[in-house]
C-alpha cells in the first residue's frame, strides 16, 4: 500500500495542540534563548556601532557564543516537547545536557540551512535535519539523510505547512511590535523609563512563543511522518 499523503492541516493541528500543552514547560528555555540572542545587538546599540562587519573581535566572540547558547536552548525546547509527545517526564537540566551533547551536529545542520536559504525545496527536504540531530544524537550527514527519508513524497504539503508557519510568525511579530509601540506611547514622557522596561520584558516573553510554536511544528512533523502509513522508518 502506498504511503498516505500528508496534509498541511494535519501537521498544523497537531502542532497547535502540542504548543498549548508544552508552552508552560518550555517558556523558560525559549525565553533564555531569545534574551541571549538580543545581547550582541544591544551591545552594538549601546556602543553606537551600527555596522556588523566593523565590530571588534570581542563582539564577534560574543555573537558566536550567543548562537551556541541559542541552539542549546532551542534544542532543549524540542527535546522537552518530544518527551511530552511520548508521555515522559524530563527535567530542564536533562534536556539541556542532551541538547548540549548534540550541539556540534545541530550547529552544522543550522549552517546547512543558512546555505540553502535561497532554495526552497531542498530546504524543505532538510527541514527536519536539525531536529533529527538533536533527538537522535547522530552526525549532521545522518541527520540530513534522515530528514530526506522522512520528507520524501511530502515536499509540497510540507512547503505549504512551512509557508503558513512563516506567515503566521511574521504577523505575530508585527502585532507584537505594534503592541510595544502602543505601550511606549501610552507611557508618555513621565513613565518612559518604566514603560520601556515593562514593555521590553513583555515583548521578549511574547517573542519566545513563536520559538516554542516552530519547535512544535518540527516535532509534530516528525511525529506525523514517522507514524504508520506516512513514510518508512
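In this note's numbering, the protein residues as written are 1344 to 1576.
The beta-carbon is built from N, C-alpha and C at its ideal position, and this holds for glycine as well.
Asked	Found
Taking residue 1428 as the reference, give the member of 1363, 1449, 1462 with the closest Cα.	1363
For residue 1313, count the other beta carbons within 10 Å of its own beta carbon; 16 or more makes it buried, fewer makes it exposed. Which is it?	No statement about residue 1313 is possible, as the shown extent of the chain runs from 1344 to 1576 and does not include it.
With distances taken between CB atoms, is the gap from residue 1480 to residue 1444 smaller than 8 angstroms?	yes
Could you have a look at residue 1500 and say whether DSSP puts it in helix, strand or coil?	helix
Which value, in whole angstroms, describes the spacing of the CA atoms of residue 1554 and residue 1373?	6 angstroms
Residue 1360: buried (16+ other C-beta within 10 angstroms of its C-beta) or exposed?	exposed
Span of the alpha helix (DSSP H) holding residue 1465?	1463-1468
Distance, Cα to Cα, residue 1463 vs residue 1436?	35 angstroms
Could you check whether the segment 1511-1521 touches the segment 1485-1498, counting it as contact only if at least three pairs of C-beta atoms, one from each stretch, sit closer than 8 angstroms?	no
So, for residue 1413: in the same chain, excluding its five sequence neighbours on each side, which residues have a beta-carbon less than 8 angstroms away from its beta-carbon?	1376, 1379, 1380
Under 8 angstroms: do the segment 1558-1567 and the segment 1348-1360 share three or more Cβ pairs, one atom per stretch?	yes
When the Cα of residue 1455 is compared with those of 1515, 1471, 1442, which residue comes out closest?	1471
My guess is that residue 1453 and residue 1473 are in contact by the Cβ rule of under 8 angstroms, so how many angstroms apart are they, rounded?	6 angstroms
Report the residue from 1410, 1426, 1548 whose alpha carbon sits nearest the alpha carbon of residue 1447.	1410
From residue 1368 to residue 1547, what does the alpha carbon distance come to, in whole angstroms?	17 angstroms
Between residue 1477 and residue 1505, which are expected to be in contact by the criterion C-beta below 8 angstroms, what is the C-beta distance as a whole number of angstroms?	Between residue 1505 and residue 1477 the Cβ distance is about 18 angstroms, and since that is not below 8 angstroms, they are no contact.
Given this structure, state the Cα-to-Cα distance separating residue 1366 from residue 1383, to the nearest angstrom.	26 angstroms
So the alpha helix (DSSP H) residue 1420 belongs to, where does it begin and stop?	1400-1428
Which residue comes first and which comes last in the alpha helix (DSSP H) that contains residue 1376?	1351-1380
For residue 1475, count neighbouring Cβ atoms within 10 angstroms of its own Cβ and tell me buried if that reaches 16, exposed if not.	buried
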